[in-house]
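When you number the sequence shown by UniProt numbering, it's gap-free, plus one each residue, and the end is 170.
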Amino acid sequence: MRDANFWIKTLDLQIHPEGGYYRRTYCSTESLPIQGLPSRFQASRFISSAIYYLLRDTQFSALHRIRSDELWHFYAGTSISLYMINHQGDLLKCVLGANPEQGQVFQAVVPAGCWFGAHLNQADSYALLGCTVAPAFEFADFELAQREDLLSTYPQHQALIHQLTHPSSS
Numbered sequence: 001m002r003d004a005n006f007w008i009k010t011l012d013l014q015i016h017p018e019g020g021y022y023r024r025t026y027c028s029t030e031s032l033p034i035q036g037l038p039s040r041f042q043a044s045r046f047i048s049s050a051i052y053y054l055l056r057d058t059q060f061s062a063l064h065r066i067r068s069d070e071l072w073h074f075y076a077g078t079s080i081s082l083y084m085i086n087h088q089g090d091l092l093k094c095v096l097g098a099n100p101e102q103g104q105v106f107q108a109v110v111p112a113g114c115w116f117g118a119h120l121n122q123a124d125s126y127a128l129l130g131c132t133v134a135p136a137f138e139f140a141d142f143e144l145a146q147r148e149d150l151l152s153t154y155p156q157h158q159a160l161i162h163q164l165t166h167p168s169s170s
């Protein structure tokens with residue numbers, strides 16, 4: 001049976017800092033010069049990149065944001081709920097999965113700069129996903145949310161912030 005361990009081993013996935021497992025599968029060989037990028041970028045970037053991403057059991061993708069748009073793809077397993085806090089502070093939810101009759105979709109876009117995170121909709125399962133980022137993902141563009149900062153900015157989303165962040169280590 002294909003379970004989370006099968007995919008972690010077969011796809012050679014490694015632990016991701018935001019939670020779950022990943023492996024970069026593609027990065028374009030061509031780059032965009034800094035002059036051709038929005039001002040939020042500090043240096044040139046490759047055109048695009050892609051990863052496999054897997055969540056299992058009680059893991060979650062902790063709230064974070066990046067400087068690029070990120071397209072999520074659903075491949076296998078249980079559905080996930082992908083949450084975004086947009087630039088107006090609104091909370092948006094998208095369910096990725098294989099059951100369109102239940103409102104699930106195979107792809108969802110997270111706009112650049114939005115806080116976002118995800119969790120499995122069935123805790124004792126897994127979800128195999130993909131993420132495509134353009135301009136390409138660089139850890140320099142990655143910001144993991146600090147619970148207290150988000151709570152002070154978005155107190156109306158307290159429950160989700162507690163669910164998808166880790167307690168501060170201070």
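Yeah, the Cβ is synthetic: ideal placement off N, Cα and C, and Gly gets one too.
Just so we're clear, the structure is a prediction, and the values are computed from it rather than from any experiment.
Cut-off 7 Å between Cβ atoms - residues of its own chain near D141, not counting five sequence neighbours on either side: I66, R67, S68
Cα-Cα separation between I85 and Q35, rounded to whole angstroms: 29 Å
Just the Cα atoms here: how many angstroms apart are A159 and A62? 13 Å
Excluding the 5 residues preceding and the 5 following N121 in the sequence, name in chain order all residues of the same chain whose CB lies nearer than 8 Å to its CB. T78, S79, I80, S81, V95, G97
Would you mind reading off the limits of the beta strand (DSSP E) that contains Q107? 107-110
Can you give the Cα-Cα distance for G20 and L13, rounded to whole angstroms? 9 Å
Residues in the same chain with beta-carbon distance under 7 Å from L151, minus the five sequence neighbours each way, listed in chain order, please. Q158, I161
Verify the CB distance criterion: does L82 have a CB-CB separation below 8 Å to chain C? Of the protein chains in the structure, only one exists, and it is not chain C.
Using the Cα positions of Y75 and Y53, report the straight-line distance between them to the nearest angstrom. 10 Å
Since residue 171 sits in a beta bridge, which residues does DSSP pair it with? This structure gives no information on residue 171, because the portion of the chain shown stretches from 1 to 170.
So, helix, strand or coil for T25, using DSSP? strand
Assuming A108 and W72 form a contact by the criterion Cβ under 8 Å, report the distance between their Cβ atoms to the nearest whole angstrom. 5 Å
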